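Number of protein chains: 2
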Amino acid sequence: MHGTPRPPATPAQALAAMDHLIAAHLIGQQELARRLGLNVTDLTCFAFVLEAGDELLTAGDLAARAHVTTGAVTGILNRLERAGYVTRRPDPADRRRVRVAAVQDAVARVEAVYAGHYKRLNALFSDYSPEELAIITDWFTRATALAHEYLEKLNRNDPDEEC
Amino acid sequence: MHGTPRPPATPAQALAAMDHLIAAHLIGQQELARRLGLNVTDLTCFAFVLEAGDELLTAGDLAARAHVTTGAVTGILNRLERAGYVTRRPDPADRRRVRVAAVQDAVARVEAVYAGHYKRLNALFSDYSPEELAIITDWFTRATALAHEYLEKLNRNDPDEEC
DNA sequence: CGCAATCCCTTAGTTCGTGAGATATTCGGA
DNA sequence: TCCGAATATCTCACGAACTAAGGGATTGCG
Numbered sequence: 001m002h003g004t005p006r007p008p009a010t011p012a013q014a015l016a017a018m019d020h021l022i023a024a025h026l027i028g029q030q031e032l033a034r035r036l037g038l039n040v041t042d043l044t045c046f047a048f049v050l051e052a053g054d055e056l057l058t059a060g061d062l063a064a065r066a067h068v069t070t071g072a073v074t075g076i077l078n079r080l081e082r083a084g085y086v087t088r089r090p091d092p093a094d095r096r097r098v099r100v101a102a103v104q105d106a107v108a109r110v111e112a113v114y115a116g117h118y119k120r121l122n123a124l125f126s127d128y129s130p131e132e133l134a135i136i137t138d139w140f141t142r143a144t145a146l147a148h149e150y151l152e153k154l155n156r157n158d159p160d161e162e163c
Numbered sequence: 001m002h003g004t005p006r007p008p009a010t011p012a013q014a015l016a017a018m019d020h021l022i023a024a025h026l027i028g029q030q031e032l033a034r035r036l037g038l039n040v041t042d043l044t045c046f047a048f049v050l051e052a053g054d055e056l057l058t059a060g061d062l063a064a065r066a067h068v069t070t071g072a073v074t075g076i077l078n079r080l081e082r083a084g085y086v087t088r089r090p091d092p093a094d095r096r097r098v099r100v101a102a103v104q105d106a107v108a109r110v111e112a113v114y115a116g117h118y119k120r121l122n123a124l125f126s127d128y129s130p131e132e133l134a135i136i137t138d139w140f141t142r143a144t145a146l147a148h149e150y151l152e153k154l155n156r157n158d159p160d161e162e163c
């Protein structure tokens with residue numbers, strides 16, 4: 001598909017396309033979580049744990065990223081731990097903290113479930129030239145920055161103010 | 001930003017960017033719903049109602065689109081109706097059916113809350129040339145098609161098979 | 001050293017979804 | 001025309017998961 005001309009698009013069309021993708025992705029997440037014996041929140045938190053890598057997250061970090069209370073995190077970790085996805089580890093430097101480590105087996109289990117879709121997505125990506133990919137990634141990066149900026153605005157302002 | 005060269009990206013980077021965007025979007029949806037006195041499910045359903053326009057959806061249509069049971073839709077419609085977002089209307093052709101119509105005032109209320117973010121997103125989109133936008137929209141469209149294809153695979157197959 | 005702050009957990013209460021089944025309506029075939 | 005099956009929505013009981021409030025342990029600053 002490299003170099004193939006595409007019909008130009010308007011911002012409105014792009015917005016609509018984006019909404020549809022997000023909606024589809026959400027349903028997919030639910031289904032994936034179900035197959036892993038988790039709910040969407042738990043799966044999302046496990047993804048945060050994986051993303052953090054060796055810099056093990058604390059329970060509080062998870063609460064902040066997932067935007068839930070620390071009480072909820074207790075439940076999330078209980079479920080993830082019981083299902084064999086993570087383990088709680090003491091923090092040697094601060095005994096109030098709980099560090100969350102991913103279980104290696106579970107990583108493979110999750111990757112197996114994601115594999116099919118990721119393979120297809122990768123195929124889709126490799127159907128674009130590096131220059132085209134750069135445009136797409138650039139857009140994602142900027143859109144995400146925008147979304148975060150928006151979130152901060154929402155959290156700062158009175159609950160009824162326009163943002 | 002037209003024509004400005006950007007660093008090339010790999011599929012993996014693009015995938016990560018996509019995940020982050022969707023995660024941020026989800027949190028944003030929660031906050032927006034909260035401001036409208038709704039939960040995310042209800043807001044999503046209201047969006048489906050708006051998207052359908054004059055072709056009023058039935059309660060069953062909503063259940064299918066939101067992937068919830070018809071029992072849940074009853075609750076969703078009760079909440080949306082009580083909060084003044086929609087009204088239930090009899091279907092003249094089939095008295096078993098319930099048609100869902102958006103309340104005009106509520107449309108404006110929702111648009112006001114969305115306005116800020118949508119304006120910013122639009123600004124972002126209009127920062128790209130039509131050709132660049134075409135690439136982005138094309139990618140969204142194809143990624144959505146992929147996601148739907150994946151969903152169908154998931155729904156068809158045994159719950160444990162690879163897809 | 002002592003007190004406030006921090007971190008995670010516990011508990012009670014609420015909300016929302018599912019699954020099973022009830023009720024009302026429509027449709028198709030004898 | 002009539003009756004049984006299918007369809008559409010609603011009701012109810014129950015369970016899962018979140019919040020808010022507060023408790024106990026630990027830390028760190030004055």
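So the protein lines, in turn, are chains A and B. So the first sequence is residues 1 to 163, counted in UniProt numbering. So the second sequence is residues 1 to 163, counted in UniProt numbering. Glycine included, each C-beta is placed from N, C-alpha and C at the ideal position. Values in this document were obtained by computation on a predicted structure and should not be read as measured data.
| field | Residue interval of the alpha helix (DSSP H) (run including A:P11) | value | 11 to 35
| Where do the N-terminal and C-terminal ends of the alpha helix (DSSP H) with B:L68 fall, by residue? | As written in the sequence, residue 68 of chain B is Val, which differs from the Leu given in the question. Unbroken run through B:V68: none, as it is neither H nor E.
| C-alpha distance - A:A14 paired with B:A66, whole-angstrom precision | 22 Å
| field | Partner residues on chain B for A:I22, Cβ-Cβ distance less than 7 Å | value | I22, H25
| task | Would you please verify whether the beta carbon of B:L146 is less than 8 Å from any beta carbon of chain A? | result | yes
| Got a sec? Which residues, its chain only, sit under 7 Å from A:I124 by beta carbon, not counting five neighbours each side? | Position check: residue 124 of chain A holds Leu in this sequence, whereas Ile was assumed. None.
| query | Since B:P142 meets chain A, which of its residues come closer than 9 Å, beta carbon to beta carbon? | reply | A small fix is needed here, since residue 142 of chain B is Arg in this sequence, not Pro. Those within 9 Å of B:R142 in chain A are L124, D127.
| message | Per the DSSP calculation, B:R106 is bridged to which residue(s)? | response | In the sequence under discussion, the amino acid at residue 106 of chain B is Ala, which differs from the Arg named in the question. Its beta-bridge partners do not exist; DSSP assigns none.
| request: State whether the region 144 to 152 of chain A contacts the region 105 to 123 of chain A, with contact taken as three or more CB pairs (one from each stretch) at a distance under 8 Å. | output: no
| request: Identify the continuous alpha helix (DSSP H) that holds A:E51 and give its terminal residues. | output: 40 to 52
| Does the distance from the CB of B:A134 to the CB of A:A9 come in under 8 Å? | yes
| said: Just to check my reading of the structure: A:A102 and A:L50 have Cβ atoms closer than 8 Å, yes? What is that Cβ distance to the nearest angstrom? | reply: 6 Å
| 8 Å Cβ cutoff, B:E111 in contact with chain A | no
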